[in-house]
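In what follows, a structure is listed as structure tokens, so that the remarks can point back to it.
Residue numbers (full-length UniProt numbering): 1 to 83.
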């Protein structure tokens, strides 16, 4: 499973999400959309034009994809199969 978190440097909810993922030992890659134009375009394409952060893309081992808008702990747990 691959987890990509789109964030900005100053976003407090992004920090909360990253801290939560780390506390659950979930490996993720971070893309800073306020510093990387390519990451911002990628996020816009994946999200259907949504530009709020944090935005999380989960790619499961079978290739299915799911997205999470904001820091929604219940949705994170559901998507990642954690509690």
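Ideal Cβ placement from N, Cα and C applies to all residues, glycine included.
Model, not experiment: these values are computed from the prediction.
Span separating the alpha-carbon of residue i from that of residue j
i, j, result
"residue 40", "residue 3", "16 Å"
"residue 25", "residue 50", "27 Å"
"residue 52", "residue 32", "12 Å"
Limits of the unbroken beta strand (DSSP E) element including residue i
i, result
"residue 32", "29 to 32"
Selected residue, minimal CA-CA separation from residue i, among the options
i, options, result
"residue 7", "49, 58, 70 and 24", "70"
"residue 27", "5, 67, 52 and 83", "5"
"residue 15", "78, 72 and 66", "72"
"residue 143", "55, 50 and 61", "Residue 143 is absent from the model: the chain starts at 1 and stops at 83."
Residue i burial status per 10 Å Cβ neighbour count (16 or more: buried)
i, result
"residue 12", "exposed"
"residue 1", "exposed"
"residue 10", "exposed"
"residue 68", "buried"
Own chain residues within Cβ distance below 6 Å of residue i, not counting five before or after
i, result
"residue 47", "55"
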